[in-house]
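Visitor: Pasting in a structure now, in structure tokens, and then I'll have a few things to ask.
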Amino acid sequence: PPDWLLKLEEPFKHIPKLAAVGPRDSSTKRTQGRIPANQGFHIVTPQKGAWGWDVQMSFFCVMLCREAIETIGYLSEEMNPGPGCDDDWCMRAHLAGWKLAFQTDLTIKHVGGASHIHEKFPGFQARNVERLKEKYGG
Numbered sequence: 028p029p030d031w032l033l034k035l036e037e038p039f040k041h042i043p044k045l046a047a048v049g050p051r052d053s054s055t056k057r058t059q060g061r062i063p064a065n066q067g068f069h070i071v072t073p074q075k076g077a078w079g080w081d082v083q084m085s086f087f088c089v090m091l092c093r094e095a096i097e098t099i100g101y102l103s104e105e106m107n108p109g110p111g112c113d114d115d116w117c118m119r120a121h122l123a124g125w126k127l128a129f130q131t132d133l134t135i136k137h138v139g140g141a142s143h144i145h146e147k148f149p150g151f152q153a154r155n156v157e158r159l160k161e162k163y164g165g
């Protein structure tokens, strides 16, 4: 949509101490796609997941607050290569008292899997899940 950046920005005007906003995903295979559409802002509440507390916000498209980045830091390089750097950042934000939100009035197509085509991906994923478990309990 032509106004997608404005829609991502909108929750920052209404939710104090908001670290990140992401859109709905066009696929119902992922958590971000199962959130009901057109419901305004949806605060992400961490849930018990495979590695501990899972916040389920994929950074395929995300707007971050500069102050949050300065407080929390950047994406963790210990998760590279492979998935999990977004989960780690969101968990650090949550533990530091920041909020995370989905903008349910915005749906963006996530062509998932591009980072999963590497032959070593299953090993990277398993390694990073273990790192998240060690860091946050699981």
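First residue of the sequence shown: 28, per my numbering; consecutive thereafter.
All C-beta atoms in this analysis are idealised placements derived from N, C-alpha and C, irrespective of residue type, glycine included.
Straight-line CA distance for Val156 to Arg119?
Guide: The straight-line gap from Cα to Cα measures roughly 15 Å.
Visitor: Quick one: what's got a C-beta closer than 7 Å to Glu36's C-beta in the same chain, skipping five residues either side?
Guide: Taken in chain order, the residues that qualify are Met90.
Visitor: For Ile42, which residues in the same chain have their Cβ closer than 8 Å to its Cβ, ignoring the five residues on either side in sequence?
Guide: So the list reads Phe68, Ile70, Lys126 and Ala128, once near-sequence residues are dropped.
Visitor: According to DSSP, is Lys162 part of a helix, a strand, or is it coil?
Guide: Helix at Lys162.
Visitor: Decide if Gly111 is buried, meaning its Cβ has at least 16 other Cβ atoms within 10 Å, or exposed.
Guide: Looking at its Cβ environment, which holds 16 or more other Cβ atoms inside 10 Å, Gly111 is buried.
Visitor: Buried or exposed: Arg93, going by 16 or more other Cβ atoms within 10 Å of its Cβ?
Guide: Per the 10 Å Cβ criterion, exposed.
Visitor: Kindly list the residues whose CB is nearer than 6 Å to the CB of Met84, restricted to its own chain and excluding five residues on each side of it in sequence; keep chain order.
Guide: So the qualifying residues of the chain are Gly49, Val71, Cys117 and Leu127.
Visitor: Which of helix, strand or coil does DSSP assign to Val156?
Guide: In the structure shown, Val156 sits in a helix (DSSP, three-state: H, G or I).
Visitor: Under a three-way DSSP split, which group does Pro50 fall into?
Guide: DSSP places Pro50 in strand when its eight states are reduced to three.
Visitor: If you follow the alpha helix (DSSP H) that Lys34 is part of, which residue opens it and which one closes it?
Guide: Start and end: Trp31 to Glu36.
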